[in-house]
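Respectively, the protein sequence lines represent chains A and W.
The first sequence runs 8 to 171 under my numbering.
The second sequence runs 17 to 118 under my numbering.
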Amino acid sequence: MDLTQNLNNSFEYAKKIFSDFGRLVILIILDLIPIVNLIVIGYAARVLKESPGADAPPKLEDYGGLFVQGVKVFFAALIYMIIPLILFTFGGASIVGGMVPGFGSDFRMSGFSPAQFSMLSGIGVLLMVVGAIVAFFMLIILAAGIAHMIKANSFGKISPCLVA
Amino acid sequence: MVVGAIVAFFMLIILAAGIAHMIKANSFGKAFALGEIFRLIGKIGWGKYLVWVVLVAIIAGLVGGVVGSIPYVGWLIQAIIAPALSVFFFRSMGLLYSEGSP
Chain A
8 MDLTQNLNNS FEYAKKIFSD FGRLVILIIL DLIPIVNLIV IGYAARVLKE
58 SPGADAPPKL EDYGGLFVQG VKVFFAALIY MIIPLILFTF GGASIVGGMV
108 PGFGSDFRMS GFSPAQFSML SGIGVLLMVV GAIVAFFMLI ILAAGIAHMI
158 KANSFGKISP CLVA
Chain W
17 MVVGAIVAFF MLIILAAGIA HMIKANSFGK AFALGEIFRL IGKIGWGKYL
67 VWVVLVAIIA GLVGGVVGSI PYVGWLIQAI IAPALSVFFF RSMGLLYSEG
117 SP
């Protein structure tokens, strides 16, 4: 199935959501309420689970199960996005820090001009950000490397696992 | 923040396949089984998968931005189509997943 077929099929499938008015109204209302809207994510997850077997959206039932599934999807997404979120927070804080005179530190005492100070703090943040990215990718490789090292009983196996 | 956006983009690429894998395998840990996730994307085809991610992002952006900016009724239209849009994305990912799984 090419992408056009995939998207056409998905569009036709999603259109069927509008055929059951009661289900549609419940989904819309649930989606508008924070936290409760995880049920709608759980429902979408059930759609994924049943695809490509089923041709029509599933019945809206087992709200508890849908909620649990929605929570899992939310936390998986949060874990993936936690590092970018931290970077955004640091980046935002550094921009605010650069704009507000004397924010967080007295630059007049440091001998730098405000522009130099904000540039330096920006570089500092950038370094931390790059460090965080590198650490994250290293951790991904490290975990697999250590497991492979233990299994293969050889310290040297910690890096060749990347090739395997 | 720019670096954050770049990292967010790369995370999003893995995220969709990761969540699909988690749902299909019925196991939370499978969302982070990177080896299996990369194999899955490899079987689907990296090119095809990346085009799909970009298309989905464009569709989400259009609906969020264009429909949301319609005065007075934009939010209402968004609220009505939001569940259908979620179903659309998850169905599409489900179909894509079935191509990559044995």
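Each residue gets a CB set at the ideal place from its N, CA and C atoms; glycine is no exception.
I want to see whether chain W comes within less than 9 Å of residue i, judged by CB atoms only; does it?
{"i": "I48 of chain A", "result": "yes"}
{"i": "N16 of chain A", "result": "yes"}
{"i": "L73 of chain A", "result": "no"}
{"i": "E57 of chain A", "result": "yes"}
{"i": "K66 of chain A", "result": "no"}
{"i": "L45 of chain A", "result": "no"}
{"i": "L149 of chain A", "result": "Summary for L149 of chain A: the model assigns pLDDT 46, below 50, so the residue's position carries little reliability, and this model does not support an answer."}
{"i": "F28 of chain A", "result": "no"}
{"i": "L146 of chain A", "result": "At L146 of chain A the pLDDT is 48, less than 50, meaning the model places this residue with poor confidence; the figure from the coordinates comes in the next sentence. No, its Cβ sits nowhere closer than 9 Å to a Cβ of chain W."}
{"i": "Y87 of chain A", "result": "yes"}
{"i": "D38 of chain A", "result": "yes"}
{"i": "I90 of chain A", "result": "yes"}
{"i": "I42 of chain A", "result": "no"}
Within 9 Å of any Cβ in chain A, is that where the Cβ of residue i sits?
{"i": "V23 of chain W", "result": "yes"}
{"i": "G77 of chain W", "result": "no"}
{"i": "Y113 of chain W", "result": "yes"}
{"i": "S108 of chain W", "result": "yes"}
{"i": "I93 of chain W", "result": "no"}
{"i": "W68 of chain W", "result": "yes"}
{"i": "V83 of chain W", "result": "no"}
{"i": "I74 of chain W", "result": "no"}
{"i": "R55 of chain W", "result": "no"}
{"i": "I96 of chain W", "result": "yes"}
{"i": "I35 of chain W", "result": "yes"}
{"i": "I86 of chain W", "result": "no"}
Do you know whose CA, among the options, lies nearest residue i's CA?
{"i": "A21 of chain A", "options": "A:L37, A:A61, A:N44, A:P41", "result": "A:A61"}
{"i": "L55 of chain A", "options": "A:I86, A:L73, A:L92, A:I93", "result": "A:L73"}
{"i": "L173 of chain A", "options": "A:D69, A:V80, A:P59", "result": "A question about residue 173 of chain A goes unanswered here, because the residues of chain A that appear run from 8 up to 171."}
{"i": "L78 of chain W", "options": "W:M27, W:A47, W:Q94", "result": "W:Q94"}
{"i": "G51 of chain W", "options": "W:Y113, W:I30, W:A24", "result": "W:I30"}
{"i": "Y70 of chain A", "options": "A:R53, A:M8, A:T96", "result": "A:R53"}
{"i": "L10 of chain A", "options": "W:V18, W:M38, W:W62", "result": "W:W62"}
{"i": "I86 of chain A", "options": "W:V83, W:V18, W:M27", "result": "W:M27"}
{"i": "S108 of chain W", "options": "W:I60, W:I53, W:V19, W:S43", "result": "W:I60"}
{"i": "S43 of chain W", "options": "A:D27, A:S26, A:I90, A:K79", "result": "A:K79"}
{"i": "S26 of chain A", "options": "A:M8, A:P64, A:V75", "result": "A:P64"}
{"i": "E115 of chain W", "options": "W:V19, W:Y65, W:M38", "result": "W:Y65"}
Is the Cβ-Cβ distance between residue i and residue j less than 9 Å?
{"i": "L56 of chain W", "j": "N16 of chain A", "result": "no"}
{"i": "R30 of chain A", "j": "I36 of chain A", "result": "no"}
{"i": "K40 of chain W", "j": "S117 of chain W", "result": "yes"}
{"i": "L67 of chain A", "j": "I42 of chain A", "result": "no"}
{"i": "I48 of chain A", "j": "F18 of chain A", "result": "no"}
{"i": "M88 of chain A", "j": "A21 of chain W", "result": "no"}
{"i": "I40 of chain A", "j": "G77 of chain A", "result": "no"}
{"i": "G81 of chain W", "j": "W91 of chain W", "result": "no"}
Could you give the C-beta distance for residue i and residue j, rounded to a whole number, given that I count them as a contact under 8 Å?
{"i": "S102 of chain W", "j": "A51 of chain A", "result": "4 Å"}
{"i": "G34 of chain W", "j": "F48 of chain W", "result": "7 Å"}
{"i": "V69 of chain W", "j": "F105 of chain W", "result": "V69 of chain W to F105 of chain W, Cβ: 11 Å. No contact."}
{"i": "Y88 of chain W", "j": "A36 of chain W", "result": "With 8 Å as the limit, Y88 of chain W and A36 of chain W do not qualify as a contact, their Cβ atoms being about 37 Å apart."}
Output, in chain order, the set of chain B residues within a Cβ distance shorter than 8 Å of residue i.
{"i": "Y20 of chain A", "result": "Absence of chain B from the displayed structure is noted, the protein chains being A and W."}
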